[in-house]
Every structure is written in C-alpha cells, then in structure tokens.
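What follows is a short report on a single structure.
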Amino acid sequence: METRSLGKYGPALSILGLGTWSMAGSWRYGWGHVEEKQALATLHRALDRGINWIDTAPVYGLGRAESLVAKAVNVRPEKIFVASKCGIWWNSKGKLRHDLAPAMIHREIDATLERLQMKRLDLYQIHWPDPRFPIEKSWRVLKKLLEKGVVLRIGLSNVSLEQLEKCQSIYPVHSLQPPYNLLRREAQETLFPFCRNHGIGVLAYSPLFSGLLSESFQPEIQSEDDWRRRDQAFQEPALGVYRQFVGKLKEIADSCHSSVINLALSWVTSHPEVTSAIVGARQPEHIDRILDTPYPDMTPRLKKQLLNLAANVETNIGKYKPPSH
Ligand SMILES: NC(=O)c1ccc[n+]([C@@H]2O[C@H](COP(=O)([O-])OP(=O)(O)OC[C@H]3O[C@@H](n4cnc5c(N)ncnc54)[C@H](OP(=O)(O)O)[C@@H]3O)[C@@H](O)[C@H]2O)c1
Numbered sequence: 286m287e288t289r290s291l292g293k294y295g296p297a298l299s300i301l302g303l304g305t306w307s308m309a310g311s312w313r314y315g316w317g318h319v320e321e322k323q324a325l326a327t328l329h330r331a332l333d334r335g336i337n338w339i340d341t342a343p344v345y346g347l348g349r350a351e352s353l354v355a356k357a358v359n360v361r362p363e364k365i366f367v368a369s370k371c372g373i374w375w376n377s378k379g380k381l382r383h384d385l386a387p388a389m390i391h392r393e394i395d396a397t398l399e400r401l402q403m404k405r406l407d408l409y410q411i412h413w414p415d416p417r418f419p420i421e422k423s424w425r426v427l428k429k430l431l432e433k434g435v436v437l438r439i440g441l442s443n444v445s446l447e448q449l450e451k452c453q454s455i456y457p458v459h460s461l462q463p464p465y466n467l468l469r470r471e472a473q474e475t476l477f478p479f480c481r482n483h484g485i486g487v488l489a490y491s492p493l494f495s496g497l498l499s500e501s502f503q504p505e506i507q508s509e510d511d512w513r514r515r516d517q518a519f520q521e522p523a524l525g526v527y528r529q530f531v532g533k534l535k536e537i538a539d540s541c542h543s544s545v546i547n548l549a550l551s552w553v554t555s556h557p558e559v560t561s562a563i564v565g566a567r568q569p570e571h572i573d574r575i576l577d578t579p580y581p582d583m584t585p586r587l588k589k590q591l592l593n594l595a596a597n598v599e600t601n602i603g604k605y606k607p608p609s610h
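Residue numbers for the sequence shown follow our numbering, beginning at 286 and rising by one.
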C-alpha cells in the first residue's frame, strides 16, 4: 500500500489507517456489540493487507478498543504504529467527561500503556479540548511525556486553528486528526494550510462519514445501541438528502468501476495535505472490499463534480453538527 510521511518527522504511514471506534462494542457512543473474534479478525486482516498503523482511544468501548489492539498487535512480527488519545474519561456508570487536567493525563497514559501492554506509545493525541483548561497547559504535559520517552510523537484532534497555533508555539505538533470527508471539509480551509506550513501530518477521521458514505448503509438494520440511531444526520429529513447524494455518488462510482466507499476515500486521500485516512472497519470483509475494488482517478473535473454535489446537500440541509459528549 502507498505510504506517506507523517508530516516532516515521519514515519511512513499507509494512506489508510485502521480506526477502532466502531469495533469497540457497546457504550454511550458505541456502534453496538461486536464479537472479539470478529474485531481481532478485522485488525489482522487490515495488517495482513498492508495497513501499517492503528488509531485507538481509551474511551472507545471504555478501554475495550485498546485491549483489542494489544491482542492483535503484540503477536505480530512486524512493527505496527499505534496512536491513542487522552482527554475523555468516564465514571463507573459509563458517563463521559472531558478531562485534560495534568494529573489526569498522567493517569490516562499509564492506563493506556497497561491496556496496550506497551512501554511506549508511537503517537499520543489530545482527543478533544477540555473547556476547563487552556490547551497549552495540557500540551505541556504531552511535551513532558515525550521528553521522558513515554510517547514518541504528540498530536492534536478536534482543535481550532487558534489552539493549534498555541500548541505549535510551545512544541512542534507532529499530527492533527480532524474530521474530513466529502461532507465535512472545514479542516481544509484553515487547518490544512497551517499543517502544510509547519510540516504537521494529517490523519483524516470519519472519511466515510461514519458509514453514511457507503451504498450499503441502512439505519434500520443498525443495532438499538448504535450511537447513529440518535444522531440527526442518520434521521430524516437529513438522511433522505444524504441518501440521494450517495445515489449520485454511486452513478459516478459505477462509471469508474469503483464503489461509493472507494470514491469517498479517494477524495480524502487525494488532498495533498492528508497523510492517511482512518477507516473504521469492523468486519474483515470491509477491508477486503476497500482493497479489492479499484480507486477512481481523482481528476480536477471529478473533484469539481463531487464538490458541486456536496454543495447541493449543504444548500438543502446545512452543514453537519457533530454530537457533543
Ligand atoms: N478524533 C476523533 O474525535 C475521532 C472521531 C471519529 C472517528 N475517529 C477515528 O476515525 C476512525 C474512522 O471514523 P468512523 O469510525 O467515524 O468511521 P468511517 O471510517 O467514516 O466509517 C466506518 C463505517 O463505514 C462502514 N464501512 C467501512 N468499510 C466498509 C465497506 N467496505 N463496506 C461497507 N461499509 C463499510 C462501516 O459501517 P457499518 O459497520 O455500520 O457497516 C464502518 O463501521 C474511528 O474508528 C476512529 O479511530 C476519531
């Protein structure tokens, strides 16, 4: 698989990474139960087929995703790059809270390394800013962890340009993880130019709009505890508009002998600033389909056509508003 350098510091990451949110099972923002056997098979299939890095977080499955990653990665002979995060914690009832207090970050990295059964982590990212703390305060803690050698690279997710600038002025940011797909393009206006100028790698999350950009998405067959059942994008009237959009993407994908998914992934990875798109597969077959189907050539004409279709969606229902935790 093609690889790209994670910003100016590297290493070379495959242009598709594997995300572990959707395989992590049931919790407040879970996607429904996934058997461990199936999750591990998905992880191994991705690694067998050339994906060389995994994105996870403590909050995915309230620790379960990191434990799954440990079970898969630690039996592999090759080096797998593992990225995790800090900043969202939970209580005994599974209620989530943002917490980037310095003491909490120390506690979180210890728990993460224990679950991952690793001595150090390849990339540690602030998952979401904590409104109670200026981001610089938490960033300095990540810098300390880096200096101690507990983490090898540090990055940010879900930050504004202003927050990114503040962190960069304290210590170089190795990676940024923003949402980025055909229908969520905000990052390319402000954050990507800053990343380009400072050699920051971009790891695009939700490249398939959490499954919506796929011809097989059917909300009615998702399990009761799938978070998408509560999200406005996956309900009418938005859903109908998105489905029409996907229908048009399918016509284009068919004419290129591709699929809606590969068209959507091609669009994300064709942006020169994107290092890798994090795909949230939860079945081994997801990986096979993505890798066995041709990718369309993302010509300027095709890009324009896709952007026009996406602009129509926004005219109809406005921009997507993500759920707040
Ligand atoms: N930093 C953050 O705040 C943040 C936020 C969101 C995500 N992320 C990261 O980004 C990763 C990916 O984002 P995402 O989980 O939102 O999902 P995504 O990659 O946009 O979509 C994943 C979903 O697409 C469907 N899919 C994938 N491959 C398919 C295939 N070949 N055929 C049919 N359907 C397919 C599956 O839906 P079904 O399982 O329903 O079939 C799958 O669960 C996450 O796992 C996580 O690591 C980070």
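C-beta atoms are modelled at their ideal positions from N, C-alpha and C, and glycine is treated no differently.
Asp384 has its alpha-carbon roughly 36 angstroms from the corresponding atom of Arg334.
Counting C-beta pairs closer than 8 angstroms gives fewer than three between the stretch 426 to 436 and the stretch 460 to 468, which falls short of the contact rule.
Looking at the DSSP output, Gly304 shares a beta bridge with Asp340.
Residue pairing by DSSP places Asn547 opposite no residue, since no beta bridge is assigned to it. Closer than 6 angstroms to some heavy atom of ligand 1: that describes the Cβ of Trp306.
One thing to note: Ile373 has its Cβ no nearer than 7 angstroms to the Cβ of Val354. For Thr600, the uninterrupted alpha helix (DSSP H) segment begins and ends at Pro585 to Ile602. Remark: the shortest separation between the CB of Leu332 and any heavy atom of ligand 1 does not fall under 6 angstroms. In the three-state scheme derived from DSSP, where H, G and I count as helix and E and B as strand, Asp511 is classed as strand.
Val360 counts as exposed, since fewer than 16 other beta carbons sit within 10 angstroms of its beta carbon. Within 10 angstroms of the beta-carbon of Thr305 lie 16 or more other beta-carbons, which makes it buried. Of the other Cβ atoms in all chains shown, 16 or more fall within 10 Å of the Cβ of Met389; this residue is therefore buried. In the structure shown, His383 falls within a strand segment according to DSSP collapsed to helix, strand and coil.
Sequence-distant partners of Val531 (beyond 5 residues in either direction) whose C-beta falls short of 8 angstroms from its own C-beta, in its chain, are Leu497, Leu498, Ser499, Glu500, Phe502 and Val545. For ligand 1, a non-hydrogen atom lies closer than 6 angstroms to the CB of His571. Contact between the stretch 326 to 342 and the stretch 505 to 524 is absent: fewer than three C-beta pairs spanning the two stretches fall below 8 angstroms. DSSP lists no beta-bridge partner residue for Arg574. Judged by beta-carbon spacing, Ser307 lies within the 7 angstroms limit of Gly565, meaning their Cβ atoms are closer than that value.
No Cβ-Cβ contact shorter than 7 angstroms links Leu431 with Ser460. In this structure, the CA atom of Leu576 is about 11 angstroms from the CA atom of Ser543. Checking the 6 angstroms criterion, the Cβ of Asn443 is within range of a heavy atom belonging to ligand 1.
The beta carbon of Glu450 sits closer than 8 angstroms to those of Phe479, all from its chain and outside the five residues before and after it, given in chain order. Between the stretch 470 to 484 and the stretch 442 to 458 there are three or more inter-stretch CB-CB distances shorter than 8 angstroms, so the stretches are counted as touching.
About 5 angstroms separates the beta carbons of Tyr490 and Ile563, which is inside the 8 angstroms limit, making them a contact pair. When the five nearest sequence neighbours on each side are left out, the beta carbons in the same chain lying within less than 8 angstroms of the beta carbon of Ile455 are those of Glu421, Trp424, Arg425 and Lys428, in order along the chain. Membership of Leu446 in the alpha helix (DSSP H) is indicated by the continuous run Leu446 to Ile455.
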